[in-house]
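The next block holds one structure in the form of structure tokens; read it before the comments.
In the working numbering, the protein residues as written are 7 to 279.
Quick look at the structure:
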């Protein structure tokens, strides 16, 4: 878990965190429109490469996917939560538990592509991409991520959390730097910003959850993989390289994305208490 250092930094950080849900604005004529529809989509690919079948692995007596689905369902701003999977076995689990699901092609290269496939079948104004390997997900993550949509110009949002010291140089922990209004300037596996004069800046770790207006999601699907995206292996850079801004909301709750057996054991220790 990321733990910020210093009381003053803690106080400054808490002032930036959205505590309550805010209205989602579609455009300047919001009062003339019905409430926007917000759909949570959990991409649940069974054929994961680093940890096989991880969304079905048991954590503290429940499949990983159950932890994610239940946390998402507890967020009052989501009108519906749907699991997007490439697997008949995952679909069977969903069917047994009464979880809405949609079968998608196993050839889709990313979670965003899986969310886009769902968007062609299920209408919403905003789609929330909730990773299926985030069993420490909290409803507060989604509430924070939807907060920027109180501004009509915001097309895509994501999250950041204070970066633990051990992750500052860890290439598996993606770092993000933002403008004063929360707009992402860059994401990198490298340590950014570079601390040339040893002033100990505040580092932020990116969390791989996203919310998109339908138009931004549809545009993303038409764009080829970008140079920076392929270099860093970070699909969110495709948005930035094509002039689509991402707004990054802080959260005080870190998570552990499960990619390895060690990750699984760490999550089990936390959820099995």
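The beta carbon of each residue, even a glycine, is placed where N, CA and C say it ideally should be.
Remember, it's a predicted structure, so these values are computed and weren't measured experimentally.
Coil, strand or helix - residue i by DSSP
i           : result
residue 135 : strand
residue 122 : helix
residue 54  : coil
residue 163 : strand
residue 317 : As shown, the chain starts at 7 and ends at 279. That puts residue 317 outside it, with no answer to give.
residue 219 : strand
residue 214 : strand
residue 241 : coil
residue 204 : coil
residue 76  : helix
residue 65  : strand
residue 270 : helix
residue 264 : coil
residue 232 : coil
residue 142 : coil
residue 196 : coil
Residues that DSSP places opposite residue i in a beta bridge
i           : result
residue 209 : According to DSSP, residue 209 bridges with nothing at all.
residue 190 : 184
residue 49  : 90
residue 252 : 162
residue 44  : 132
residue 168 : 210
Exposure label - residue i; buried when at least 16 CB within 10 Å
i           : result
residue 64  : exposed
residue 59  : exposed
residue 34  : With a pLDDT of 49 at residue 34, under the threshold of 50, the modelled position of that residue is not reliable, and the figure given next carries that caveat. With fewer than 16 other Cβ atoms within 10 Å, it is exposed.
residue 204 : exposed
residue 156 : exposed
residue 278 : exposed
residue 208 : exposed
residue 129 : exposed
residue 74  : buried
residue 111 : exposed
residue 273 : buried
residue 177 : exposed
residue 267 : exposed
residue 246 : buried
residue 241 : buried
residue 69  : buried
residue 252 : buried
residue 42  : buried
Rounded separation between residue i and residue j - CA only
i           : j           : result
residue 191 : residue 102 : 44 angstroms
residue 139 : residue 264 : 5 angstroms
residue 276 : residue 221 : 38 angstroms
residue 97  : residue 270 : 22 angstroms
residue 262 : residue 195 : 17 angstroms
residue 57  : residue 167 : 25 angstroms
residue 46  : residue 201 : 38 angstroms
residue 137 : residue 215 : 6 angstroms
residue 48  : residue 153 : 20 angstroms
residue 90  : residue 50  : 6 angstroms
residue 236 : residue 115 : 13 angstroms
residue 28  : residue 159 : 15 angstroms
residue 16  : residue 258 : Low confidence applies to residue 16: its pLDDT is 47, below 50, so where it sits in the model is not reliable enough to give any reading.
residue 182 : residue 80  : 28 angstroms
residue 3   : residue 151 : Residue 3 cannot be examined here, being either before or after the span of the chain that is shown, 7 to 279.
residue 143 : residue 211 : 16 angstroms
residue 72  : residue 95  : 14 angstroms
Contact belief for residue i with residue j at Cβ below 8 angstroms, rounded distance in angstroms
i           : j           : result
residue 254 : residue 165 : 7 angstroms
residue 44  : residue 31  : Incorrect: roughly 12 angstroms between the Cβ atoms, too far for contact.
residue 227 : residue 122 : 4 angstroms
residue 131 : residue 219 : 7 angstroms
residue 86  : residue 106 : 7 angstroms
residue 223 : residue 248 : Contact doesn't hold; Cβ gap of about 13 angstroms is too wide.
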